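Participant: Under the UniProt record's numbering, the letters of the sequence shown match residues 1 to 433, in that order.
Where is the CB? At the ideal position from N, CA and C, for every residue including glycine.
These numbers were taken from a predicted model, which means no experiment stands behind them.
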Amino acid sequence: MHSVNLLAFPLFDRLQRFFNGPHPHVEKHDVSFTLMKPATHPKPEYTITNPPTSMNIPEHIPDEIVLRILESAYDPQDLPSSQSFLASCALVNRDWSVLSQKLLFRHITLRSQASFHSLTDALNPSTARGQMLADAVTGLRVVMDHNQPNAVSPTSFAHIVSLCPRLQELDLSLFGRGLPGHDEVGSPALARMRRTGPLLDEKTLAVLRSGASITRLAFSNWTDDASTLSQLLHVWPSVHTLAITGSPPAMPPQASPAFPCALQDLRINCQRAPSFEFLKWLLQNSTGTLRRVQADRESCAEVLSRVVREHQSSIQSVSLPTCTTREAASSLMQCCDLRQLRVEDARVIMVVCDTLPLSLEHIAFGVHRCTEMKPLLDLISSSHNTGLHAVTLHLYKCGELHNKLDVVRIACALQGISLDIVRDIHEFRSVSC
Numbered sequence: 001m002h003s004v005n006l007l008a009f010p011l012f013d014r015l016q017r018f019f020n021g022p023h024p025h026v027e028k029h030d031v032s033f034t035l036m037k038p039a040t041h042p043k044p045e046y047t048i049t050n051p052p053t054s055m056n057i058p059e060h061i062p063d064e065i066v067l068r069i070l071e072s073a074y075d076p077q078d079l080p081s082s083q084s085f086l087a088s089c090a091l092v093n094r095d096w097s098v099l100s101q102k103l104l105f106r107h108i109t110l111r112s113q114a115s116f117h118s119l120t121d122a123l124n125p126s127t128a129r130g131q132m133l134a135d136a137v138t139g140l141r142v143v144m145d146h147n148q149p150n151a152v153s154p155t156s157f158a159h160i161v162s163l164c165p166r167l168q169e170l171d172l173s174l175f176g177r178g179l180p181g182h183d184e185v186g187s188p189a190l191a192r193m194r195r196t197g198p199l200l201d202e203k204t205l206a207v208l209r210s211g212a213s214i215t216r217l218a219f220s221n222w223t224d225d226a227s228t229l230s231q232l233l234h235v236w237p238s239v240h241t242l243a244i245t246g247s248p249p250a251m252p253p254q255a256s257p258a259f260p261c262a263l264q265d266l267r268i269n270c271q272r273a274p275s276f277e278f279l280k281w282l283l284q285n286s287t288g289t290l291r292r293v294q295a296d297r298e299s300c301a302e303v304l305s306r307v308v309r310e311h312q313s314s315i316q317s318v319s320l321p322t323c324t325t326r327e328a329a330s331s332l333m334q335c336c337d338l339r340q341l342r343v344e345d346a347r348v349i350m351v352v353c354d355t356l357p358l359s360l361e362h363i364a365f366g367v368h369r370c371t372e373m374k375p376l377l378d379l380i381s382s383s384h385n386t387g388l389h390a391v392t393l394h395l396y397k398c399g400e401l402h403n404k405l406d407v408v409r410i411a412c413a414l415q416g417i418s419l420d421i422v423r424d425i426h427e428f429r430s431v432s433c
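#1: Going by alpha carbons, who is nearest to PHE276 out of THR371, ALA258, CYS300 and ASN269?
#2: I believe THR215 touches THR241 by the beta-carbon criterion, under 8 angstroms. Please report the beta-carbon distance rounded to the nearest angstrom.
#3: Since I believe SER313 is in contact with CYS336 (beta carbons under 8 angstroms), could you give me their beta-carbon distance rounded to a whole number of angstroms?
#4: For GLY288, which residues of its own chain have a beta-carbon under 6 angstroms away from its beta-carbon, when the five flanking residues on both sides are left out?
#5: Pick out whichever of LEU232, VAL207 and ARG267 has its Cα sitting closest to the Cα of ILE160.
#6: Kindly identify the DSSP beta-bridge partner or partners of ALA295.
#7: Between VAL185 and ASP145, what straight-line distance do the alpha-carbon atoms span, to the nearest angstrom?
#8: Kindly indicate which residue of PRO165, LEU103, VAL303 and PHE278 has the alpha-carbon position closest to the one of residue 435.
#9: Could you give the DSSP three-state label for ASN221: helix, strand or coil?
#10: Please report how far the alpha carbon of CYS412 lies from the alpha carbon of GLN294, in whole angstroms.
#11: With distances taken between CB atoms, is the gap from ASP345 to CYS370 smaller than 8 angstroms?
#12: Going by the beta-carbon positions, is the gap between ASP406 and PRO375 smaller than 8 angstroms?
#13: Suppose the cutoff is 7 angstroms on Cβ atoms and the five residues either side in sequence are ignored; what does the same chain contact list for PHE85 look like?
#14: Which class does ALA413 belong to by DSSP, given the choice of helix, strand or coil?
#15: LEU174 and SER220 - do their beta-carbons sit closer together than 8 angstroms?
#16: Bridge partners of LEU393, per DSSP?
#17: For the candidate residues ARG106, PHE116 and SER230, whose alpha-carbon lies nearest to that of PRO80?
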């Protein structure tokens with residue numbers, strides 16, 4: 001067995017000298033420490049107090065502010081979106097639920113007996129909630145279609161009207177029922193178009209009279225009954241805004257009383273133009289009050305131009321699909337207080353622009369690629385002598401390629417006139433004229 005001298009190895013020799021030998025490069029220090037925790041002085045305790053204030057912070061947002069927020073988001077032109085928004089707001093808390101329900105019931109719809117029962121329960125006058133919701137209703141849309149199961153009856157319609165003491169707007173649509181065996185789809189027989197509508201008997205009319213005073217009536221009649229409109233107008237002599245759609249109304253019987261309403265706004269969108277005799281009867285008490293007339297079909301444009309001529313002293317706004325005759329343009333010129341004019345036909349600019357009254361403030365025209373724009377440019381350039389401050393153009397049939405559009409833009413900018421260019425006909429028709 002051999003012994004090994006570890007000192008013979010240089011590494012171990014160096015280690016031994018490091019631990020045993022002197023270390024001149026290491027400085028000595030006197031160090032002392034203790035593991036005891038040093039004594040500390042107790043910190044003073046501070047009490048945080050709220051500064052005095054004269055204003056009390058409310059526990060919740062006041063109802064007036066919440067109602068203002070909800071009303072600002074409520075759009076009667078887009079009821080589905082508004083109702084969806086309000087339904088979500090009703091889930092916030094009890095206060096928001098009450099305020100949201102008030103707005104949800106501002107415009108209601110009755111289209112079936114099931115909805116009639118729901119509304120009857122909600123508008124129950126024997127409960128505080130029912131009275132609150134009934135007072136909130138200002139607009140009612142009713143669809144009476146006897147081709148559908150569980151259709152709304154005239155009695156149900158009148159009952160809902162009687163439950164709403166502050167009702168102002170009524171949109172009523174009537175659909176007739178074809179005779180058995182004469183209403184087959186595709187049948188060319190004339191009998192298919194002869195649909196009898198729901199009749200309003202004297203009891204129903206009496207209930208309607210006992211309700212609120214309607215001021216805005218939109219009546220869509222898709223039946224062969226031409227007397228319902230005159231019945232409704234005699235029920236509500238307070239109507240000042242009337243819109244007629246569908247089958248043209250007819251003159252009431254000679255024995256019926258004189259028409260009592262003084263209309264301010266008349267809109268006609270009938271399949272065929274109503275007779276001028278009917279319109280004279282309709283407007284016999286509107287001399288001096290009729291302000292706005294509108295026709296949505298070319299078939300009604302001519303007869304409405306005659307209405308403009310008859311009421312030229314009070315007319316302020318005219319909306320027509322076309323106006324291509326000198327007689328119609330002349331009737332517009334005679335409207336000394338005309339402020340807004342909207343015509344969809346692009347051919348009318350040459351006919352109309354040279355004969356417009358100086359009171360005109362807003363003009364709206366249709367424009368296609370070949371429309372003659374010089375009369376419009378002349379009208380814009382002379383606007384410093386008139387009240388014109390707004391122009392709306394509806395572009396169709398490649399109207400955006402018209403080589404005078406930039407000239408119109410520059411002319412309007414130089415005269416300080418607002419120019420609005422639209423491409424959708426529905427947006428154009430919604431222009432306030």
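Facilitator: Taking the coordinates as given:
#1: CYS300
#2: 7 angstroms
#3: 7 angstroms
#4: SER314
#5: VAL207
#6: ILE268
#7: Caution applies to VAL185, whose pLDDT of 47 falls short of 50 and renders its modelled position unreliable; the value that the coordinates give is listed next. Taking the straight line joining both Cα atoms gives about 17 angstroms.
#8: For residue 435 there is no data in the structure shown, the boundaries of the chain being 1 and 433.
#9: strand
#10: 27 angstroms
#11: no
#12: no
#13: ALA73
#14: helix
#15: yes
#16: PHE365 and ILE421
#17: ARG106
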